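Protein chains in written order, with the working numbering: chain E, 12 to 816; chain L, 636 to 787.
From the three backbone atoms N, C-alpha and C, an ideal C-beta is built for every residue, glycine too.
All figures in this text were calculated on a predicted structure; none of them were measured in a lab.
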């Protein structure tokens with residue numbers, strides 16, 4: 012192809028680089044049913060494992076008899092804690108510094124806890140085997156309410172550590188206490204409250220829910236006895252971390268462990284952690300010498316692998332009469348379930364919850380988080396958000412609305428009055444973060460103008476009058492949220508997982524004919540990395556995105572990276588990709604200088620090649636440079652054109668956005684209709700606007716689910732009441748509102764391409780926006796704060812309690 | 636789970652009372668009952684296979700009769716274990732009142748607690764299944780006693 016025959020625009024367009032709405036290349040296989048997921052991998056002689064699970068939330072195990080199960084045709088082995096003890100794997104370390112039972116050892120601590128692992132020739136035989144395992148339980152008192160966890164007479168849950176006065180994150184105050192984490196200046200904050208003209212205080216709960224990806228957690232473990240090698244196919248958001256953890260706990264050399272994450276059908280945080288299923292399948296494969304597959308069913312996914320949220324946040328704001336905030340004080344009671352299996356960077360027991368000052372310029376703040384054990388499933392993963400960031404955003408955004416109401420101020424006006432101002436960036440928050448960049452006022456004003464906010468408030472006032480006159484039974488709510496996220500974990504100075512620094516990586520190898528492969532340490536679960544990573548490379552080094560193959564998920568070939576969660580892929584791996592590409596470009600420039608017979612400094616980059624400054628006809632394209640790099644490199648320069656970059660980010664990135672929701676609720680039925688939802692996101696440089704829009708749609712849909720009905724609910728006896736999609740709200744196209752998306756662009760100053768990450772912003776901003784809309788609707792009837800989720804029944808109940816029904 | 640109701644049975648109180656204490660009659664009338672043995676005048680052991688939504692399980696249970704006030708009322712209480720399917724425990728207050736010489740009003744108040752997989756299916760399935768089972772029991776019981784009346 013002769014580049015000179017194309018216009019600059021055509022050459023630019025051909026690259027499909029950053030900013031291009033490039034169609035997702037992975038969709039070619041996904042839309043044809045040709046994706047290759049873990050359950051599609053079938054190995055010769057493969058066995059199937061499945062769990063005997065506890066019907067009791069808290070019970071002592073008096074005996075387990077596997078005798079009858081082993082007689083069931085097709086059943087080959089039954090693992091129990093006793094079996095696992097022989098290989099020292101009855102317990103495993105969690106990412107949060109706790110330990111967790113792999114199989115119940117002496118007692119069970121939550122309903123559906125793994126008690127025994129039945130291995131059989133097929134799933135049906137395994138199920139028959141499960142029914143034949145006899146377990147004798149002695150029921151114990153159950154602890155469901157986290158507010159009672161530290162009562163003097165609360166049942167002792169963790170007998171293994173009941174006398175331990177120090178946990179992984181400092182002193183423990185009670186046998187059911189996990190940690191206390193405090194940030195900020197308590198004295199200054201208390202002083203601000205003493206001086207405050209106006210204060211608010213509210214207990215704001217963010218209920219327990221679950222990421223519930225359509226593909227559940229699963230793995231296939233194959234141990235080769237001859238080579239002593241273990242191959243694990245699994246639904247892993249972080250395959251390298253899994254390999255290192257397996258190596259450390261199973262004492263297998265890391266080079267003999269091959270972890271492969273094939274296509275993944277959604278993760279949303281659920282697939283970050285290590286689960287008993289992985290350990291049991293691996294041990295079963297070692298025991299039987301055959302590949303063993305473990306695939307969770309839906310009930311198991313919802314009730315046993317990592318939940319999200321369950322934060323109970325007592326929030327106080329101090330302010331002046333004019334509405335200037337002067338202090339923030341938050342106490343969180345965090346329900347972690349039976350084991351602390353939070354998937355946070357190890358030094359952050361409550362994740363990055365200290366982003367709770369949000370987008371506002373709080374001069375002082377203090378935060379304390381108490382984590383407690385209860386008889387519920389372990390977890391606490393970042394469900395489509397950075398670590399505990401959605402909890403923080405919900406907390407501050409609800410609290411700002413409550414303050415606005417107390418002050419009699421418009422919630423938009425209160426926010427505008429307290430935003431961090433553009434000239435304050437990089438901004439140091441009272442709870443210790445350095446916000447990289449932002450222009451909150453511009454984003455908020457654009458959002459308010461786009462929805463014609465003033466007119467909406469007028470309409471609402473008129474509707475309220477009509478409601479009071481008895482002319483309508485419908486009430487109107489306008490929800491506003493303005494969130495600041497903190498993503499891109501993270502800088503090695505403050506982020507690690509079990510000591511592994513949270514860098515990420517990219518290796519690019521260009522081929523002689525001008526195409527290439529990029530291998531990245533992240534792992535797409537639907538985010539479209541195969542599309543967007545190639546776009547970054549296309550823009551950086553002028554090779555069309557279509558000519559770059561992107562590969563992730565195989566620990567033997569991909570460079571070491573910490574995986575995909577917490578919107579870290581673009582902030583961290585996206586930077587590594589750009590840096591690796593720039594290394595290639597630097598070598599390409601040396602080659603071009605030699606071939607064009609000029610000094611390197613006399614060259615300038617021009618879309619897809621180098622041009623001699625002032626001599627436009629002297630040009631060498633990247634495609635030609637690739638061939639030369641291999642076959643005729645300059646003397647003294649080694650052949651080839653490839654580069655690796657490991658990127659340790661200097662800071663997190665801070666995407667933000669302004670969301671507005673308009674909702675109508677029928678007070679007699681509680682039925683709501685989302686009339687309008689407008690989402691303005693600023694994620695810095697936009698790599699692929701179509702993918703961003705898709706991410707925003709998906710994140711808003713999950714935010715809608717959580718705010719309006721989705722929850723993992725336990726009854727008083729510790730039974731999970733929402734163990735299937737019959738009771739656990741997963742919106743379909745029928746329930747999902749229409750989304751309007753918009754954007755501003757404030758690049759990150761420290762990121763090589765200025766990108767900030769977007770996958771989780773809509774969930775972080777969406778949940779408070781919906782909840783604020785519901786609360787705003789009921790506010791004229793006297794409501795201050797109505798707890799989520801706002802399903803029809805609770806809406807009706809709220810109306811009834813307020814005397815409107 | 637709470638459930639209560641009242642059934643009119645076409646038989647005199649004495650016959651209804653006798654039937655309520657007869658393991659053979661109960662075995663025939665309890666839906667899914669496979670075995671029911673009388674251990675003493677106030678204790679029985681039963682195996683019942685039940686299907687609640689997608690979960691089918693065999694429950695082994697111990698049943699006791701307390702607060703006996705023949706032939707007017709008793710409380711039946713017990714606990715059944717269904718392995719991985721879960722468990723149920725609870726009781727029912729049963730009282731009989733004459734409704735004319737040939738009929739009896741049987742009133743019952745059930746309080747039960749279910750746990751495990753069957754509980755996870757949610758209240759709507761448990762409640763509707765319980766009502767259906769109660770309905771089946773009384774249909775069977777009515778037929779059983781209608782036959783006895785003819786014999787008598």
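| message | If you measure between the beta carbons of residue 754 (chain L) and residue 732 (chain E), is that distance less than 9 Å? | response | Locating residue 754 (chain L) in the second chain gives position 119, counting from the first residue. Locating residue 732 (chain E) in the first chain gives position 721, counting from the first residue. Going by C-beta atoms, residue 754 (chain L) is nearer than 9 Å to residue 732 (chain E).
| Rounded C-beta distance between residue 699 (chain L) and residue 717 (chain L)? I'm assuming under 8 Å. | Locating residue 699 (chain L) in the second chain gives position 64, counting from the first residue. Locating residue 717 (chain L) in the second chain gives position 82, counting from the first residue. The pair is not a contact, with the Cβ atoms about 19 Å apart (cut-off 8 Å).
| said: Under 8 Å, CB to CB, which of the residues in the segment 309–322 of chain E have a partner in chain L? | reply: 310 and 314
| said: By the 9 Å beta-carbon criterion, what residues does the segment 727–738 of chain E contribute toward chain L? | reply: 728, 729, 730, 731, 732, 733, 734, 735, 737 and 738
| query | Along chain L, in chain order, which residues have C-beta atoms closer than 8 Å to that of residue 71 (chain E)? | reply | Position 60 of the first chain holds residue 71 (chain E). Going along chain L, no residue has its Cβ under 8 Å from residue 71 (chain E), so there is no contact; the nearest lies around 15 Å.
| request: Check whether the Cβ atoms of residue 702 (chain E) and residue 35 (chain E) sit closer than 9 Å, and answer yes or no. | output: Along the first chain, read from residue 1 onward, the residue named residue 702 (chain E) stands at position 691. Along the first chain, read from residue 1 onward, the residue named residue 35 (chain E) stands at position 24. Contact flag set, yes.
| Closest to residue 414 (chain E) by CA distance: which of E:474, E:328, E:466 and E:468 is it? | Stepping through the first chain from its first residue, residue 414 (chain E) is reached at position 403. Among E:474, E:328, E:466 and E:468, the Cα nearest to that of residue 414 (chain E) is on E:328.
| request: Pair every Cβ in the segment 387–398 of chain E with every Cβ in the segment 444–458 of chain E, then say whether three or more of these pairs are closer than 8 Å. | output: no
| message | So if I threshold CB-CB distances at 9 Å, which residues from the segment 708–730 of chain L count as touching chain E? | response | 716, 717, 718, 719, 720, 721 and 722
| Is it true that the segment 285–300 of chain E meets the segment 712–723 of chain E, where meeting means three or more beta-carbon pairs spaced less than 8 Å apart? | no
| message | As a quick exercise: from L:770, L:648 and L:725, pick the residue whose alpha carbon is nearest that of residue 708 (chain L). | response | Within the second chain, residue 708 (chain L) is the residue found at index 73, counting from 1. Minimum Cα distance to residue 708 (chain L) is reached at L:648.
| What number of angstroms, rounded off, separates the C-alpha of residue 667 (chain E) from the C-alpha of residue 494 (chain E)? | For the purposes of this step, residue 667 (chain E) is taken as the residue at position 656 of the first chain. For the purposes of this step, residue 494 (chain E) is taken as the residue at position 483 of the first chain. Whole-angstrom Cα-Cα distance: 5 Å.
| query | Skipping 5 residues on each side, what residues in its chain have a beta carbon closer than 7 Å to that of residue 451 (chain E)? | reply | To locate residue 451 (chain E), count along the first chain from 1; it is residue 440. For residue 451 (chain E), where only same-chain residues beyond five positions count, the Cβ hits under 7 Å are 370, 430, 431, 493 and 667.
| request: Could you check the C-alpha separation between residue 239 (chain E) and residue 90 (chain E) for me, to the nearest Å? | output: Against the first chain, residue 239 (chain E) aligns to sequence position 228. Against the first chain, residue 90 (chain E) aligns to sequence position 79. Near 21 Å, if we compare the C-alpha coordinates of residue 90 (chain E) and residue 239 (chain E).
| Option nearest residue 113 (chain E) by Cα separation, candidates E:286, E:320, E:271 and E:504 | Residue mapping note: residue 113 (chain E) aligns to position 102 of the first chain, counting from 1. Considering only alpha carbons, the answer is E:286.
| task | Taking residue 141 (chain E) as the query, report the chain L residues whose CB atoms sit under 8 Å from its CB, ordered along the chain. | result | Counted from its first residue, the first chain places residue 141 (chain E) at position 130. Correct list: 719.
| request: Starting from the C-beta of residue 817 (chain E), find all residues in its chain whose C-beta is less than 6 Å away, skip the five residues before and the five after it, and write them out in chain order. | output: Residue numbering for chain E in the displayed model covers 12 to 816; residue 817 (chain E) lies beyond these limits and cannot be assessed.
| message | Quick check: is the beta carbon of residue 287 (chain E) nearer than 9 Å to any beta carbon in chain L? | response | As a first step, residue 287 (chain E) must be located in the first chain, where it is residue number 276. No, residue 287 (chain E) does not count as interfacial toward chain L.
| message | Quick check on residue 192 (chain E): does DSSP put it in helix, strand or coil? | response | On the first chain, position 181 is the one that residue 192 (chain E) refers to. Residue 192 (chain E) falls in the strand class under three-state DSSP.
| query | Could you give the residue range of the beta strand (DSSP E) that holds residue 684 (chain L)? | reply | In the second chain, the residue the question calls residue 684 (chain L) occupies position 49. 678–687 is the extent of the beta strand (DSSP E) around residue 684 (chain L).
| Does the segment 682–702 of chain E come close enough to the segment 747–756 of chain E that 3 or more CB-CB pairs lie under 8 Å? | yes
| said: How far does the beta strand (DSSP E) with residue 743 (chain L) in it extend, from its first residue to its last? | reply: Along the second chain, one-based indexing puts residue 743 (chain L) at 108. Per DSSP, residue 743 (chain L) belongs to the beta strand (DSSP E) from 739–750.
| message | If I follow the unbroken alpha helix (DSSP H) through residue 703 (chain L), where does it start and stop? | response | Along the second chain, one-based indexing puts residue 703 (chain L) at 68. Looking at the DSSP string, residue 703 (chain L) is not in any alpha helix (DSSP H); the run it does join, the beta strand (DSSP E), is 690–704.
| CB contact below 9 Å: residue 67 (chain E) versus chain L | For the purposes of this step, residue 67 (chain E) is identified with residue 56 of the first chain, where counting begins at 1. Closer than 9 Å: yes.
| message | Taking CB distances under 9 Å as the criterion, tell me whether residue 146 (chain E) reaches chain L. | response | Position 135 of the first chain, counted from the first residue, corresponds to residue 146 (chain E). With 9 Å as the cut-off, residue 146 (chain E) counts as an interface residue toward chain L.
| query | Assuming residue 527 (chain E) and residue 558 (chain E) make a contact with CB atoms under 8 Å, what is their CB distance in whole Å? | reply | Position 516 of the first chain, counted from the first residue, corresponds to residue 527 (chain E). Position 547 of the first chain, counted from the first residue, corresponds to residue 558 (chain E). Right, the Cβ-Cβ distance comes to about 7 Å (below 8 Å), so this counts as a contact.
| Is there contact between the segment 359–367 of chain E and the segment 397–408 of chain E, where contact requires at least three CB pairs shorter than 8 Å? | yes
| task | Could you tell me whether the Cβ of residue 400 (chain E) comes closer than 9 Å to any Cβ of chain L? | result | Counted from its first residue, the first chain places residue 400 (chain E) at position 389. No - not a single Cβ of chain L is within 9 Å of the one on residue 400 (chain E).
| How many Å lie between residue 108 (chain E) and residue 350 (chain E) at the Cα? | By one-based count along the first chain, residue 108 (chain E) stands at place 97. By one-based count along the first chain, residue 350 (chain E) stands at place 339. Using only the alpha carbons, I get a separation of about 10 Å.
| field | DSSP-derived helix/strand/coil call for residue 219 (chain E) | value | The residue given as residue 219 (chain E) occupies position 208 in the first chain. In the structure shown, residue 219 (chain E) sits in a strand (DSSP, three-state: E or B).
| How about the segment 373–380 of chain E and the segment 437–446 of chain E: do they share at least three Cβ pairs that are nearer than 8 Å? | yes
| task | Mind listing the chain L neighbours of residue 98 (chain E)? Cutoff is C-beta to C-beta under 8 Å, in chain order. | result | Walking along the first chain from the start, residue 98 (chain E) turns up at place 87. The contacting residues do not exist; residue 98 (chain E) stays about 25 Å from chain L at best.
| said: Looking at the ligand COA, does it come within less than 8 Å of residue 151 (chain E), judged from the CB to the closest heavy atom? | reply: Among the components modelled here there is no ligand, and therefore nothing to report on the ligand COA.
| Helix, strand or coil at residue 364 (chain E) according to DSSP, with G and I counted as helix | Position 353 of the first chain, counting from 1, holds the residue named residue 364 (chain E). It is helical.
| request: Using 10 angstroms around the beta-carbon of residue 726 (chain L), count the other beta-carbons present and answer buried if the total reaches 16, otherwise exposed. | output: Translated into the one-based positions of the second chain, residue 726 (chain L) becomes position 91. Classification of residue 726 (chain L): buried, given that the 10 Å Cβ count is 16 or more.
| query | Thinking C-beta only, is residue 581 (chain E) closer than 9 Å to residue 767 (chain E)? | reply | In the first chain, the residue the question calls residue 767 (chain E) occupies position 756. In the first chain, the residue the question calls residue 581 (chain E) occupies position 570. Yes, the Cβ-Cβ distance between residue 767 (chain E) and residue 581 (chain E) is below 9 Å.
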